[in-house]
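One structure is given below, encoded as structure tokens.
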Amino acid sequence: MRGFRPAASRDCLGTVPLHPAAMSGKSLLLKVILLGDGGVGKSSLMNRYVTNKFDSQAFHTIGVEFLNRDLEVDGRFVTLQIWDTAGQERFKSLRTPFYRGADCCLLTFSVDDRQSFENLSNWQKEFVYYADVKDPEHFPFVVLGNKIDKLERQVSTEEAQAWCMENGNYPYLETSAKDDTNVAVAFEEAVRQVLAVEEQLEHCMLGHTIDLHSSSKSGEFAAALALGHWHGLLWRKEHALLCQGGMQWKAMAALTAVA
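Numbering (the numbering used here), first residue to last: 6 to 264.
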């Protein structure tokens with residue numbers, strides 16, 4: 006299996022779990038965002054994972070859309086809400102409002118398109134800004150190098166791994182929606198990254214408390230993390246009806262963009 010998962014070392018994060026369901030064993034609703042240049046295969050990855058289908062003639066996404074899939078990861082039941090976004094600059098105003106409330110971001114590039122790799126930093130910055138991420142250093146990003154079925158690569162595995170190490174010690178996986186290589190592994194890794202933060206919070210909950218007025222870096226981060234993820238929880242409750250039954254949904258604004 007192709008993939009790279011760097012070791013992560015994190016401090017005690019706080020005392021408030023991301024989701025109340027974490028302590029009850031209920032299914033968690035996790036929102037993940039696929040970001041990257043247009044044409045790197047974000048829609049194909051989502052559709053391969055949820056429907057197990059691949060369409061080589063698929064059109065570029067206009068605006069945003071999402072699909073749901075239920076899964077079990079390391080004994081935890083999760084409803085994964087996967088949001089696919091338009092990579093073209095002209096659709097920026099349509100996609101950015103949907104970044105808020107995300108639990109994980111999958112930064113995606115194509116190994117046969119060097120420009121898509123070089124744009125990863127821009128996508129990361131855009132997400133952090135519009136999602137209002139309180140502490141980018143600890144937010145769960147996963148990097149995907151897609152289209153490894155292509156014969157001619159422009160980005161090596163080693164170069165992509167180095168970028169991940171330098172920019173946040175992110176997990177890196179190489180995928181192919183066409184061949185179904187590492188697609189499930191990629192989304193499961195996203196879930197694991199979120200659950201790892203959750204487990205840290207639960208562990209700290211046993212013997213520590215958050216001081217919301219602390220001036221220390223750890224205290225500031227714990228407070229920001231708690232408040233930020235509770236904001237995400239409220240967002241998911243507000244939009245829960247949209248994702249019943251694993252439906253696919255497109256932003257109505259996208260219709261205006263086409264007209």
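Backbone N, C-alpha and C define an ideal beta-carbon position, used for all residues, glycine too. Computed from a prediction, not measured in an experiment: that's the story for all the values here.
Along the alpha helix (DSSP H) that carries residue i, what are the first and last residues, could you check?
i	result
residue 97	97-100
residue 105	Residue 105 -> no alpha helix (DSSP H), and no H or E assigned at all.
residue 157	It is not in any alpha helix (DSSP H) - residue 157 carries neither H nor E in the DSSP assignment.
residue 132	125-135
Let me confirm a value: residue i is counted as buried when at least 16 other C-beta atoms fall within 10 Å, else exposed. Which label applies?
i	result
residue 145	buried
residue 82	exposed
residue 167	exposed
residue 49	buried
residue 186	buried
residue 130	exposed
residue 157	exposed
residue 57	exposed
residue 123	exposed
residue 163	exposed
With distances taken between CB atoms, is the gap from residue i to residue j smaller than 8 Å?
i	j	result
residue 51	residue 72	yes
residue 113	residue 47	yes
residue 116	residue 179	yes
residue 142	residue 173	yes
residue 147	residue 198	yes
residue 195	residue 109	yes
residue 191	residue 149	yes
residue 38	residue 90	yes
residue 165	residue 175	no
residue 138	residue 103	no
Check for me: the beta strand (DSSP E) holding residue i runs from which residue to which?
i	result
residue 86	81-90
residue 71	69-78
residue 115	109-115
residue 146	146-151
residue 175	Neither: residue 175 is in no beta strand (DSSP E) and is coded neither H nor E.
For residue i, which residues from the same chain have a beta carbon less than 7 Å from its beta carbon, with the 5 sequence-adjacent residues on both sides left out?
i	result
residue 128	40, 41, 112
residue 136	104, 105, 107
residue 53	59, 182, 185, 188
residue 161	none
For residue i, which residues of its own chain have a beta-carbon under 6 Å away from its beta-carbon, when the five flanking residues on both sides are left out?
i	result
residue 184	154
residue 201	none
Which same chain residues, not among the five before or five after residue i, have their C-beta less than 8 Å away from its C-beta?
i	result
residue 4	An answer regarding residue 4 cannot be provided, because it is not within the stretch 6 to 264 covered by the chain.
residue 134	none
residue 55	72, 73, 74, 87, 251
residue 159	116, 117, 118, 119, 122
residue 193	76, 78
residue 61	183
residue 222	Here the model assigns residue 222 a pLDDT of 49, short of 50, so the residue's position is not dependable and the matter cannot be decided.
At a cut-off of 7 Å, is residue i close to the ligand NAD when judged by its beta-carbon and the heavy atoms of the ligand?
i	result
residue 91	The model on display carries no ligand, and the ligand NAD is accordingly not part of it.
Quiz item: In chain order, which beta strand (DSSP E) runs of at least 3 residues are fully inside the stretch 32-57?
Solution: 33-40
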